[in-house]
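**Q** Protein chains in written order, with my numbering: chain A, 693 to 1189; chain B, 1219 to 1398.
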Ligand SMILES: Cc1cc2nc3c(=O)[nH]c(=O)nc-3n(C[C@H](O)[C@H](O)[C@H](O)COP(=O)(O)OP(=O)(O)OC[C@H]3O[C@@H](n4cnc5c(N)ncnc54)[C@H](O)[C@@H]3O)c2cc1C
Ligand SMILES: NC(=O)c1ccc[n+]([C@@H]2O[C@H](COP(=O)([O-])OP(=O)(O)OC[C@H]3O[C@@H](n4cnc5c(N)ncnc54)[C@H](OP(=O)(O)O)[C@@H]3O)[C@@H](O)[C@H]2O)c1
Ligand code: FES
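If you want it as structure tokens, here you go:
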């Protein structure tokens, strides 16, 4: 695995001469520090910004497998949350820095390997997020009509990999969303929100059309634990509870709190406020308003045990749910859901599994398959062989790939600060010294690799062409943009149409 | 659109009273214990131009003094026209306060800690929407606010605002911890 350093010995590096060190005296004469950031989501851009700011000798190249930058800010954040996307202004200013370049349409793993990147850059920071899903591993999970929330979100946000998803929204009046985190609330809201409201967002055209003819009237948000443990935040909850023409159903009995629940609420401001909102909604929505055309059901203390096909079909027709109770877990101290042996079926024609994203491994990268993250110490990648743990010199991780798939955009800012602090410390300690006959070439080396493989990258101004084409197309429809949603068209637009 | 959202954020949203009760810090700040590098100064020019121009025509040229305590403990005292948000003021003076959503109450990166309870109590209560974002603020304290929602007014003259830093543990003047 290339340049390994034994952890206990890391301190000894202090003794090395430091021809490329970051110290003020060496700064004027040093070679540039070549940094490659893999992934252009919030974690990648915040890392680039902090690195560029830290020192004038730093050059940062950001690669992304898509022709478009910004990661989940473009393909995750809901279309009806334009304020959250304003952060791309800041990221675009980073990309405009003369010492920063964007290489879109470049995939780590196929266009370029990790070993190649480590050979050409002093520092490689992996920020490629979480592009897979946790699964239940229960019978029937492959039936038609069952999708992960990630796929559904990519579809309505116009990610080119999900252009062909085409979820069937017309064979049923009921959808089940499994999980009660913010992503679950996002997908439920998109299914329930009046399409005239969605029409003025940057939602993908194909999704808007499908939602306009959707027959779904009831959405069930199913959580294996109770209202105190719901993973959503007050902001998203407040929004979905206030949707027009949607009747909210919450069983008041579910809102009762045990001493352990009370303790959890005492220790968490979010939990208190979420519980308070749910309690208010439960009383306010007691009577159904005749204007309400749709229903949102919060279903607590239920875990799915299998998916059942509809009559004679390969499409999902119901989810079998087992009632649960909360028990203290002796190891973690958390309250966990345990089955009671009582089952019920919930009929539906669409299931969205929203139980969390999962990162994918890359060849040559230490990976914790159980947690789905890269083992790291404050951002420094660690590899373990037999008994010893070593630091992979020059290799770092940030964002969802480092911490797991939780946290808001701002969380990645603090996460990037931590990783960047580790990089700067290692640089001061001379970790990035290369023998003088094998100086790393940075961008020049990357361009050679891409040329050898005949891989055509999309520079930032290619993205700007996509951006302006989308905005112009959007103007005609009164949308902030009409997203281009296929690979061919994206690449064509990047080349100037 | 930004200026519209901005005004929404600062004015219309004030119609509701705070729902949450600041009693304890639920944000786990121990995860990042490392030394944080300094924040970058966001380019200010385009960000707040619309909102800023709305102050220019105003008759009220009164200014107050505001001290920012940076992450490294250094202090900067600036004078801020009444009516301007602390986020705008910080950016006009190259103070390294983040503002990812440019004041539209959608990010929590503009989090500031009011350093004395006297001034904190002179602020209007945070709206539900501000509390919703404060829930997610990094290093939340009892006297935390969002910089984009704190608007300069004469009573705030002399206020001290700290940028949250993972490594610092300071006492807020006059703060008595509430019993649970
Ligand atoms: C559906 C959804 C909605 C959300 N809404 C909000 C919200 O409203 N507000 C909020 O604050 N937070 C929200 N979040 C959270 C926020 O989006 C994440 O915290 C953040 O995007 C994580 O940043 P990241 O950079 O680690 O990963 P990502 O944003 O996922 O970025 C990863 C990047 O890596 C690229 N990549 C992947 N594989 C490769 C490869 N092999 N080679 C090269 N590049 C690769 C991807 O194309 C992508 O651009 C939401 C998350 C989701 C899933
Ligand atoms: N507007 C916003 O700010 C916004 C919007 C979207 C996303 N985000 C952020 O993005 C992150 C990811 O969101 P997310 O919703 O994907 O993840 P999340 O918040 O971790 O929620 C995951 C949900 O899935 C449940 N779950 C996990 N495994 C399960 C299993 N085996 N069986 C049944 N249920 C299971 C969890 O319940 P348990 O608790 O019981 O495990 C939880 O309800 C979050 O940090 C979120 O805040 C933010
Ligand atoms: S700048 Fe985003 S909440 Fe204040």
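Here a beta-carbon is modelled for each residue, glycine too, at the ideal position from N, C-alpha and C.
Compare the C-beta of residue 1167 of chain A with all C-beta atoms of chain B and state if any pair is closer than 8 Å.
**A** No, residue 1167 of chain A lies away from the interface with chain B (no Cβ there is under 8 Å from its Cβ).
**Q** Return the first residue and the last residue of the alpha helix (DSSP H) that residue 1144 of chain A is part of.
**A** First-last of the alpha helix (DSSP H) with residue 1144 of chain A: 1135-1144.
**Q** For residue 1361 of chain B, would you say it is in contact with chain A, using Cβ-to-Cβ distances shorter than 8 Å as the test?
**A** No, because no Cβ of chain A sits closer than 8 Å to the Cβ of residue 1361 of chain B.
**Q** For chain B, is any of its Cβ atoms less than 8 Å away from the one on residue 1100 of chain A?
**A** It does; some Cβ of chain B falls within 8 Å.
**Q** Go ahead and pull the three-state DSSP assignment for residue 1002 of chain A.
**A** Note: residue 1002 of chain A maps to coil in three-state DSSP.
**Q** Taking only runs of the beta strand (DSSP E) that begin and end inside the stretch 718-764 of chain A, which ones reach a length of at least 3 residues, in chain order?
**A** If we require 3 residues or more, the beta strand (DSSP E) runs fully inside the stretch 718-764 of chain A come out as 725-730 and 750-755.
**Q** I'd like to check one pair, residue 1373 of chain B with residue 1340 of chain B: are the Cβ atoms closer than 8 Å?
**A** Yes; because the gap between Cβ atoms is below 8 Å, this pair is in contact.
**Q** Closer than 7 Å is what we want: which residues have a beta carbon that near any heavy atom of ligand 3? List them in chain order.
**A** Chain-ordered list of matching residues: B:1305, B:1317, B:1318, B:1319, B:1320, B:1321, B:1322, B:1323, B:1324, B:1325, B:1326, B:1327, B:1328, B:1351, B:1364, B:1365, B:1366 and B:1367.
**Q** Rounded to the nearest angstrom, what separates residue 965 of chain A and residue 872 of chain A at their Cα positions?
**A** Between residue 965 of chain A and residue 872 of chain A, the C-alpha separation is close to 15 Å.
**Q** Taking the Cβ atom as the reference point for each residue, do residue 1381 of chain B and residue 1289 of chain B lie within a distance shorter than 8 Å?
**A** Yes, the pair counts as a contact, with Cβ atoms nearer than the cut-off.
**Q** Mind pulling the beta strand (DSSP E) runs of 3 or more residues that sit fully within the stretch 924-985 of chain A?
**A** Fully enclosed beta strand (DSSP E) runs of 3 or longer: 938-942.
**Q** Which same chain residues, not among the five before or five after residue 1270 of chain B, have their C-beta less than 8 Å away from its C-beta?
**A** In this predicted model, residue 1270 of chain B has a pLDDT of only 41, less than 50, meaning its place in the structure is not dependable enough to derive any value.
**Q** At a Cβ threshold of 8 Å, is residue 926 of chain A touching chain B?
**A** It does: the Cβ of residue 926 of chain A has a partner Cβ on chain B nearer than 8 Å.
**Q** Is the CB-CB distance between residue 942 of chain A and residue 993 of chain A below 8 Å?
**A** No, the Cβ-Cβ distance between residue 942 of chain A and residue 993 of chain A is not below 8 Å.
**Q** In the stretch 1269-1331 of chain B, which residue ranges form an unbroken beta strand (DSSP E) of at least 3 residues, counting only runs that do not cross its ends?
**A** Counting whole runs of 3 or more residues, the stretch 1269-1331 of chain B contains the beta strand (DSSP E) stretches 1281-1287 and 1293-1299.
**Q** Could you name the residues of the same chain whose beta carbon sits closer than 8 Å to that of residue 795 of chain A, not counting the 5 residues immediately before and after it, in chain order?
**A** Excluding sequence neighbours, residue 795 of chain A sits near 753, 754, 755, 756, 1138, 1142, 1149, 1150 and 1151.
**Q** Going by DSSP in three states, residue 1113 of chain A sits in which element: helix, strand or coil?
**A** Residue state, collapsed to three classes: helix.
**Q** Report yes if the CB atom of residue 1114 of chain A is closer than 8 Å to the CB atom of residue 1071 of chain A, and no otherwise.
**A** Yes; because the gap between Cβ atoms is below 8 Å, this pair is in contact.
**Q** Does the structure place the stretch 1028-1044 of chain A close enough to the stretch 823-842 of chain A that three or more beta carbon pairs sit under 8 Å?
**A** Output reads yes: the stretch 1028-1044 of chain A touches the stretch 823-842 of chain A.
**Q** For a contact defined as C-beta to C-beta under 9 Å, what are the partners of residue 1351 of chain B on chain A?
**A** Neighbours of residue 1351 of chain B on chain A, chain order: 927.
**Q** Spatial neighbours of residue 855 of chain A within its chain, please: C-beta separation below 6 Å, excluding the five flanking residues on both sides.
**A** Answer for residue 855 of chain A: 1177 and 1178, listed in chain order.
**Q** For a cutoff of 8 Å on Cβ pairs, would you count residue 1324 of chain B as touching chain A?
**A** At least one chain A Cβ lies under 8 Å of residue 1324 of chain B.
**Q** From residue 895 of chain A to residue 1076 of chain A, what distance separates their C-alpha atoms?
**A** Roughly 44 Å separates the two Cα atoms.
**Q** Any chance the CB of residue 928 of chain A is under 7 Å from a heavy atom of ligand 2?
**A** Result yes, Cβ under 7 Å from ligand 2.
**Q** Return yes when at least one heavy atom of ligand 2 lies under 7 Å from the C-beta of residue 874 of chain A, else no.
**A** Yes, since a heavy atom of ligand 2 falls inside the 7 Å radius drawn around the Cβ of residue 874 of chain A.
**Q** Could you tell me whether the Cβ atoms of residue 912 of chain A and residue 882 of chain A are closer together than 8 Å?
**A** For residue 912 of chain A and residue 882 of chain A, no; Cβs fall outside 8 Å.
**Q** Whose C-beta lies closer than 7 Å to the C-beta of residue 1039 of chain A among residues of the same chain, with five residues either side of it excluded?
**A** 866, 1009 and 1010, listed in sequence order.
**Q** What did DSSP end up calling residue 1158 of chain A once you bin it into helix, strand or coil?
**A** Correct three-state label for residue 1158 of chain A: helix.
**Q** In angstroms with no decimal places, state the Cα-to-Cα distance between residue 1156 of chain A and residue 1068 of chain A.
**A** Taking the straight line joining both Cα atoms gives about 35 Å.
**Q** Verify whether the separation of the beta carbon atoms of residue 792 of chain A and residue 798 of chain A is less than 8 Å.
**A** Contact flag unset, no.
**Q** On the DSSP bridge list, what partners appear for residue 1050 of chain A?
**A** Bridge partners of residue 1050 of chain A: A:824.
**Q** What do you reckon, is the C-beta of residue 732 of chain A under 7 Å from a heavy atom of ligand 1?
**A** Yes, the Cβ of residue 732 of chain A comes within 7 Å of a heavy atom of ligand 1.
**Q** Just list the residues that DSSP pairs residue 1080 of chain A with in beta bridges.
**A** DSSP lists A:1077 as partners of residue 1080 of chain A.
**Q** Sort A:731, A:775, A:760 and A:826 by Cα distance to residue 1097 of chain A and report the nearest one.
**A** Here the closest residue by C-alpha is A:826.
**Q** Can a CB atom of chain A be found closer than 8 Å to the CB of residue 1379 of chain B?
**A** Output row for residue 1379 of chain B: interface = no.
**Q** Under a three-way DSSP split, which group does residue 814 of chain A fall into?
**A** Coil at residue 814 of chain A, not helix or strand.
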